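In our numbering, the protein residues as written are -10 to 469.
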């Protein structure tokens, strides 16, 4: 079995195996005509269930043959221009190359003696991102597994900086369309059910600062502690960006930690046209960024950034076998001192490879393209009487629903839209997401592929309308 270990004696085998795998994936990507095969759970599950993991095939070529049947053939392909569903981006080739390198070398970014240059590369990228945000010379941060972990760590720091022993008094303020990880983090941090105060949004789905000011004042009057305000720069459903300068003013007035969840909107940090939409982010105490959303990086690649490096001490623990305190005095840079994780992949390498190959302007150009595409899509929807579109896009998300001319029952319209999404997914011709606006069901395009064209959007809208009309026709037949 030692023949499968990657070392000096198996380097050629490694080259052949990985090349074979790359060639198969490249061939699949080159010939994929739809984002999804349309396979159902019931059709695919038996093939996977039938595999006996205790009877290995002993040959990577045979394993790749099998993988074609249980994964590659039916995978969801985000690179396809008609994948329009969630915050999944097509990835850039330099980052995929970085993924291959980091997987083979397998550095662990917790301590210097496991990563060396990797530690310094990650720190350089944190400094680069902080400079783009404008957090100042004392800023720092660390790579994480994703936006949920970044938000959790930021709120952990905010909790500790609030300096109270009575957790029940702590309050977090976020908009009613903020990410669910805010409430999840509150629970994980031991706060009460009422810890997260939901602030209403305006017509453009941005936090209402008048309402925020009122709730902050009420918090103080009730003897509670305003632990943090979470502003969102790119909400998951609408791509809306909260009024960051006004929120920063209120946080300063009330002595409250300001966290900006820019997991989605961080692509604007590299934008050549729309960087001003993040104005005010430089006043945050902490920021979440997801490079694997709008920097076109493979999952996972995220970071939490902080204005004051000293606040990261709240995540620090020292273990004699790993990062004893004496290493701090010896100025040995251990990233585990800043992280909630111990063993951690060298995900920073992907972004490093991307910047060194394409540059930030290259990333920004791609993100600007999808933002412009969303503008074109909004014009299509706004001018099409078959659809109701909710808000003009701030980034690259469109929320809409099919409105049949002859049907007025909102519940029936809901069912038609739900059916259209399900039928479209089953066909594999395109993939769209869904959400709720108020009590009503809507559909969602999340546009992160610069290869998607307005003609793709128009074609998918026709498909949606066709499926919805088919449902309504069948519904009328059943009722008659």
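Where a beta carbon is used, it is the ideal one built from N, C-alpha and C, also for glycine. Just so it is clear, the structure is predicted and the values come from calculations on it, not from any experiment.
Name the two residues that bound the continuous alpha helix (DSSP H) containing residue 404.
399 to 416
Contacts around residue 473, its chain only, beta-carbon distance under 6 angstroms, and the 5 residues preceding and following it disregarded:
With the chain running from -10 to 469 in the structure shown, residue 473 is simply not present.
Cβ-Cβ distance between residue 326 and residue 127 below 7 angstroms
no
Is residue 431 helix, strand or coil by DSSP?
strand
At what residues does the beta strand (DSSP E) containing residue 230 begin and finish?
No beta strand (DSSP E) contains residue 230, which DSSP labels as neither H nor E.
Taking DSSP as the reference, what is the three-state secondary structure of residue 303?
helix
For the alpha helix (DSSP H) containing residue 314, name the first residue and the last one.
Taken as a continuous stretch (DSSP letters only), residue 314 belongs to no alpha helix (DSSP H), as it is neither H nor E.
Helix, strand or coil: how does DSSP classify residue 469 here?
Because residue 469 carries a pLDDT of 48, less than 50, the predicted location of this residue cannot be relied on, and the following value inherits that uncertainty. Coil.
According to DSSP, is residue 114 part of a helix, a strand, or is it coil?
helix
Best match in 256, 263, 268 for proximity to residue 280 [C-alpha to C-alpha]
256
Just to confirm the assignment, what range does the alpha helix (DSSP H) spanning residue 196 have?
Unbroken run through residue 196: none, as it is neither H nor E.
Stretch-stretch touch, CB-based, cutoff 8 angstroms, three pairs: the segment 135 to 149 with the segment 193 to 201:
no
Near residue 456, which residues of its chain fall below 7 angstroms by C-beta distance, leaving aside the five closest residues on each side in sequence?
408, 409, 412, 413
Can you give, in chain order, each stretch of the beta strand (DSSP E) that sits fully within the segment 204 to 283 and has at least 3 residues?
214 to 221, 246 to 251, 275 to 279
Residues near residue 73 by beta carbon distance below 6 angstroms, same chain, minus five either side
421, 434
Whether or not the segment 243 to 256 and the segment 212 to 227 are in contact is what I'm after, with contact meaning three or more pairs of Cβ atoms, one per stretch, closer than 8 angstroms; do they touch?
yes
Rounding to the nearest angstrom, what Cα-Cα distance links residue 458 and residue 368 in this structure?
23 angstroms
Tell me the start and end of each unbroken beta strand (DSSP E) in the segment 149 to 198 that is at least 3 residues and wholly inside, in chain order.
159 to 164, 185 to 188
Cα-Cα separation between residue 244 and residue 147, rounded to whole angstroms
11 angstroms
Alpha carbon to alpha carbon, how far is residue 423 from residue 469? Give it in angstroms, no decimals.
With a pLDDT of only 48 at residue 469, under 50, the local geometry of the prediction cannot be trusted, and no value is derived from it.
Distance CB(residue 335)-CB(residue 107) smaller than 7 angstroms:
yes
Going by Cα to Cα distance, which pick from 25, 78, 46, 55 is closest to residue 441?
78
Going by C-alpha distance, which of 376, 189, 123, 351 is nearest residue 265?
123
Do the segment 298 to 306 and the segment 41 to 55 touch if we need at least three Cβ pairs shorter than 8 angstroms?
no
Tell me the residue span of the beta strand (DSSP E) that contains residue 378.
376 to 378
Residue 391 - DSSP class collapsed to helix/strand/coil
strand
Inter-residue CB distance, residue 438 and residue 35 (contact presumed, cutoff 8 angstroms)
The pair is not a contact, with the Cβ atoms about 33 angstroms apart (cut-off 8 angstroms).
In the DSSP assignment, find the beta strand (DSSP E) that holds residue 420 and state where it starts and stops.
420 to 426
Short check: CB of residue 436 to CB of residue 385, under 7 angstroms?
yes
Pick from 214, 348, 272, 118: whose alpha carbon is nearest that of residue 234?
272
Determine the extent of the beta strand (DSSP E) in which residue 133 is found, giving its start and end residues.
129 to 133
Using the Cβ count rule (16 or more neighbours within 10 Å means buried), how would you classify residue -7?
exposed
Boundaries of the alpha helix (DSSP H) in which residue 289 is found, first to last residue:
Segment: none, residue 289 is in no alpha helix (DSSP H) and carries neither H nor E.
Start and end of the alpha helix (DSSP H) containing residue 30?
30 to 38
Inter-residue spacing [alpha-carbon to alpha-carbon] between residue 313 and residue 389
55 angstroms
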